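Visitor: Heads up, the sequence shown is in this note's numbering, so the first residue is 778 and it goes up one at a time.
All C-beta atoms in this analysis are idealised placements derived from N, C-alpha and C, irrespective of residue type, glycine included.
Only a predicted model underlies this, so the values are computations on that prediction, with no experimental measurement involved.
Before I ask anything, let me first share the structure, which is written out below as structure tokens.
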Amino acid sequence: MTVFKFYNSTGEQLKNIDWIEIQWNRKYLETGDFSLYTNVENWNTEIKYIKNVGRPETGIVQKLNYDKKENGTFVEVKGLFLESVLTWGAYYLASSLTGTTTEAQTKELVELYLKNTMATVANSAPGFQQIYKVQLSDDSEMPSSINMNVPLGQNDNEFLYDFLEPEGYSYYCTPLFNPKIDGTEPLIGVEVHSYKLADKTDTVYFGDHFQNVKDIPYTLDDSDQFPRYLAVQEIPIEVVGDFSGTKTVNTPEGVKAYIFEDIIVDSNKRDGFGNSVPIKVYETSVSDIEMIGANETLIHSQMAQLAKLDMLNHYKIETISADIIQNKSIYLTDYNLGDKCNIQISKLDKQFTVRIAEVNEVHSKNKVDIQVVLGTPKKTKFIKQI
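This is the structure we're talking about:
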């Protein structure tokens, strides 16, 4: 049975309250969120944190809606999980984090970076800081090396996701409450717990054949999909001889000169057309680089970057989710947020490897409904189950 506990701003546990419904939404590469709905008589205005016992998430009460209806007066509170506190910290300069060769060195460098971003900001009054403290847990797992260029102003939440996700890791936060309650220091701090994500593609299957799903909503749209871009950039006519692969053309405005960059993304080819590669011609506007031959490589790189950015609007749209039957596949026992698993739609002869991107729970009295939202599906060979 799910148990929620409630705490005030200094971490003191409060008496439990009666509630009508709690929605508890975990997300893989974002800070999760929650909402609680109850009669106004049951709400305690001292509640600042809500903890789902036995789970890593701590919710922060950040919004309150007071609503009077015919059948009573109700309160709905909403908020984000504790990971959102890391958005309060950001370094005021671009940074480069490199040079580690062991996990211990990486953890030390990352922890130092987080502490620096939560300390006194440049040119601010001394002594001000965003949170009480930040630290890595002793059992945190991380890659043995880091090679990160952190852009100016990127917050710590985004930094950790950008560093950990490509290496197959994620993180959550637990609270560190300041014992000083005289108002002279921040009350809340965080301990960051990073961990290795699980690959359960050999053991966890969801699908109608396995009788562990109520429904598998699935959408495929490749009507506006382009796997090939031909980026075209106009250059001054007087520097044509300094560039390779130029073309000139007569236009009503006079002779113009162009250079080209060809980009193909095989994974964005349309299904059922073999090696057919639709092409989109895209005129780029590289404006922050001087159009001279000495900058040709840099200009082409910028053209490719702009084309790939536009290509994001012309990818195959493929989304999938699953309403899991809990007595068949048990959340936190058989699978967890961020795990890789398989999903099969036997009636469409489709099978995918996916990562669990969201877990959305609705808690009411004596009942929990769970929907699993899956990440970008990667098609694998369909193996018909007998």
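From what residue to what residue does the alpha helix (DSSP H) around Met1165 run?
Guide: Examination of residue 1165 is not possible in this model, given that the chain is present from 778 through 1163 alone.
Visitor: Exposed or buried, what is Gln839 when buried is set at 16 or more other beta-carbons lying within 10 Å of its beta-carbon?
Guide: The sequence position of residue 839 within the sequence shown is 62, counting from 1. Exposed, by the Cβ-count rule.
Visitor: Following the continuous alpha helix (DSSP H) through Glu888, name the residue where it begins and the one where it ends.
Guide: Counted from its first residue, the sequence shown places residue 888 at position 111. Membership of Glu888 in the alpha helix (DSSP H) is indicated by the continuous run Glu880 to Thr894.
Visitor: Report the rounded CA-to-CA distance for Val927 versus Tyr869, giving the unit in angstroms.
Guide: For the purposes of this step, residue 927 is identified with residue 150 of the sequence shown, where counting begins at 1. For the purposes of this step, residue 869 is identified with residue 92 of the sequence shown, where counting begins at 1. The straight-line gap from Cα to Cα measures roughly 11 Å.
Visitor: Comparing C-alpha positions only, which one of Asp1039, Asp1019, Ile1012 and Glu1038 sits nearest to Val1026?
Guide: As a working mapping, residue 1026 is identified with position 249 in the sequence shown. Here the closest residue by C-alpha is Ile1012.
Visitor: Between which two residues does the alpha helix (DSSP H) holding Tyr938 run?
Guide: As a working mapping, residue 938 is identified with position 161 in the sequence shown. Tyr938 -> alpha helix (DSSP H) spans Asp933 to Leu941.
Visitor: For Asn900, which residues from the same chain have a beta carbon less than 8 Å from its beta carbon, with the 5 sequence-adjacent residues on both sides left out?
Guide: Here the question's residue 900 lines up with position 123 in the sequence shown. With a pLDDT of 49 at Asn900, under the threshold of 50, the predicted position of this residue should be treated as unreliable, and no value is reported.
Visitor: Would a C-beta distance cut-off of 8 Å place Asn1119 and Val981 closer than the cut-off?
Guide: Working through the sequence shown from its first residue, we reach residue 1119 at position 342. Working through the sequence shown from its first residue, we reach residue 981 at position 204. Contact: yes.
Visitor: Would you please state the rounded distance, in angstroms, between the beta carbons of Ser812 and Val854? I believe it to be under 8 Å.
Guide: Sequence index remark: in the sequence shown, residue 812 carries index 35 (1-based). Sequence index remark: in the sequence shown, residue 854 carries index 77 (1-based). Sure, about 7 Å apart at Cβ, within 8 Å.
Visitor: With the cut-off set at 8 Å, would you say Met895 and Gln907 are in Cβ contact?
Guide: Counted from its first residue, the sequence shown places residue 895 at position 118. Counted from its first residue, the sequence shown places residue 907 at position 130. Taking 8 Å as the Cβ cut-off, Met895 and Gln907 qualify as a contacting pair.
Visitor: Please list the segments of the beta strand (DSSP E) lying wholly inside the stretch 795–848, counting only runs of 3 or more residues, in order along the chain.
Guide: 798–804, 810–816, 826–829, 835–837 and 840–846
Visitor: Candidates Asn924, Gly1018 and Glu885: which alpha carbon is nearest Val969's?
Guide: The count along the sequence shown starts at 1 and reaches residue 969 at position 192. The candidate whose alpha carbon is nearest that of Val969 is Glu885.
Visitor: Could you check which residue in Trp820, Ser861, Lys1024 and Pro833 has the C-alpha nearest to that of Leu841?
Guide: Here residue 841 refers to the residue found at position 64 when the sequence shown is read from its first residue. Minimum Cα distance to Leu841 is reached at Trp820.
Visitor: Under the three-state reduction of DSSP, which class applies to Val1150: helix, strand or coil?
Guide: Taking the first residue of the sequence shown as 1, we reach residue 1150 at position 373. Three-state result, Val1150: strand.
Visitor: Please report how far the alpha carbon of Val852 lies from the alpha carbon of Glu1138, in whole angstroms.
Guide: Stepping through the sequence shown from its first residue, residue 852 is reached at position 75. Stepping through the sequence shown from its first residue, residue 1138 is reached at position 361. About 19 Å.
Visitor: Can the beta-carbon of Ser921 be found less than 8 Å from the beta-carbon of Thr878?
Guide: For the purposes of this step, residue 921 is taken as the residue at position 144 of the sequence shown. For the purposes of this step, residue 878 is taken as the residue at position 101 of the sequence shown. Yes, Cβ-Cβ distance for Ser921 and Thr878 is below 8 Å.
Visitor: Using the Cβ count rule (16 or more neighbours within 10 Å means buried), how would you classify Leu1114?
Guide: What you label residue 1114 is simply residue 337 of the sequence shown in a count that begins at 1. Result: buried.
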